[in-house]
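Worksheet for the structure shown next.
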Amino acid sequence: MAARTERSALANWWWTIDRWMLAAIGALIVIGLVLTMAGSPPVAERLGLPPFHFVHRQALAIFPTIAVMLLVSFLSPRQVRRAALIIFMIAMGLIIAALLFGHEVKGSRRWIFGIQPSEFLKPAFVILAAWAFSEGGKRKDVPGNFLAIILLPMTIAPLILQPDFGQTLLISIVWGALFFMAGLHWFWVFGIGGAGFGGALLAYKFVPHVRSRVLKFLDPGSGGGIVDTFQVDTALDSFLSGGWFGKGPGEGTVKRILPDAHTDFIFAVTGEEFGIAACLFIAAIFAFIVLRGLLQASRNDDPFCRFAAAGLVMMFGIQSAINMAVNLHLIPAKGMTLPFISYGGSSLVSLAIGIGFLIAVTRKRPGERIIASAQAAQRGSQMSALKGYEAARREIYP
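Numbering (this note's numbering), first residue to last: 2 to 399.
Here it is in structure tokens:
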């Protein structure tokens, strides 16, 4: 353990980060590995793979995840902005490459070189949007708000072409929240909100699988009967089967017929084997991280850090809420993982980047405040000396 008097980079990092948030993230990573052991073996067996194939891959992905998160958390706000710009450009290039050359999975072209670039785009987008909004509020010579408005369609256009409406919705909601935080005129709020609603209507009308999911959610009997809602119905059966305290680790039976039990529907596996009480505990950890992050953002004096922290923690919380709501059949199905719990290497590393950014922008920086205070005191002393000199000169030369 680093001492408070130690001046090394590691000691400075340890005493300036939010250690409670770091502990909560660590708890989610451990819980995710345990739940992957519970939910993935039936999926692996159906695919003809060894029972713990996904568990081994998840365990291996944890090491780069932790390393990336810790390394990113050492960055200064300026370095965070530069890193986000580089990640954004690379991710956009890979998304376009996936559209042109990627292999199609379930009707979408989202993967290339074994990764899903849109996962890495999200944290970088939040940082750039926060940067633009903060600069627009501080400097009149920089068109920050205009750049932030242009950034949204430029980002979501390739996502819509994939198509990936889940990530598009998530990015748009977070951008809208930052837009609201920036204090822009209500005219723009209603205008952009109306444009978003219109886009949702167009997607419902012209994209068959979007319309199908909405209709299945509103009327489970539409479009082919009970088979259409097999996943969500099976997920609900998992919760009912587990009750309050679950059947016990490895004792679940409904999970054996649940598709995507290790990814999109791992929360349902949790309900069956560990009970609703465990689900509430996991939800409480997510709520703690979100509330803690928003509190840290509200206390931050730097506009960029405030916008960035709020945007990153909202993206984390909204993604978590969407996944859990889909498992409970509260909203139409979305292909979205439960952060740090669902299986997926791209998801883990991208989340590590986002949380690393969050820790970096919420770090306490007493050294900077001390320097600023010393500079202000020095300027004040110089002004006092100058005023004293002027007073003395007037006494001598009235």
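Every residue gets a Cβ at the ideal spot worked out from N, C-alpha and C, and that includes glycine. From a predicted model like this one, the values you see are computed outputs, not experimental measurements.
query                                                                                                             : result
Cβ neighbour criterion (16 or more within 10 Å) applied to threonine 254                                          : exposed
Option in Thr156, Ala279, Ile323 and Pro304 with minimal Cα separation from phenylalanine 89                      : Thr156
Buried or exposed (CB count within 10 angstroms, at least 16 for buried), leucine 11                              : exposed
Distance between proline 250 and tryptophan 21 (C-alpha atoms, nearest Å)                                         : 28 Å
Alpha carbon of isoleucine 258 to alpha carbon of glutamate 273, nearest angstrom                                 : 13 Å
Outcome for leucine 48 when other beta-carbon atoms lying within 10 angstroms are tallied against a minimum of 16 : exposed
Coarse secondary structure for serine 109, derived from DSSP in three states                                      : strand
Cβ neighbour criterion (16 or more within 10 Å) applied to isoleucine 87                                          : exposed
For isoleucine 116: DSSP bridge partner residues                                                                  : Ile113
Buried or exposed by the 16-neighbour rule on C-beta atoms within 10 Å, applied to proline 124                    : buried
Neighbour-count burial assignment, glycine 244, 16 or more Cβ in a 10 Å radius                                    : exposed
Three or more C-beta pairs below 8 Å linking the stretch 104–118 and the stretch 162–169                          : yes
For glycine 275, the three-state DSSP class (helix, strand or coil)                                               : Looking at the sequence itself, residue 275 is phenylalanine, so the reference to glycine does not match. If DSSP states are grouped into helix, strand and coil, phenylalanine 275 belongs with the helices.
Sequence ranges, alpha helix (DSSP H) only - wholly within the stretch 238–325, length at least 4                 : 267–299
Collapsed DSSP secondary structure at lysine 141 in the structure displayed                                       : coil
Close beta carbons around proline 159, own chain, < 8 Å, minus the five adjacent residues each side               : Met93, Ile96, Ile97 and Leu100
Alpha-carbon to alpha-carbon, serine 135 and asparagine 301                                                       : 13 Å
Alpha-carbon spacing of phenylalanine 268 relative to asparagine 328, whole angstroms                             : 7 Å
Under 8 Å between C-beta atoms of serine 351 and phenylalanine 75                                                 : no
Methionine 182 versus Ala25, Trp14 and Cys306, residue with shortest Cα-Cα distance                               : Cys306
Pairwise C-alpha distance: tryptophan 176 and phenylalanine 240                                                   : 33 Å
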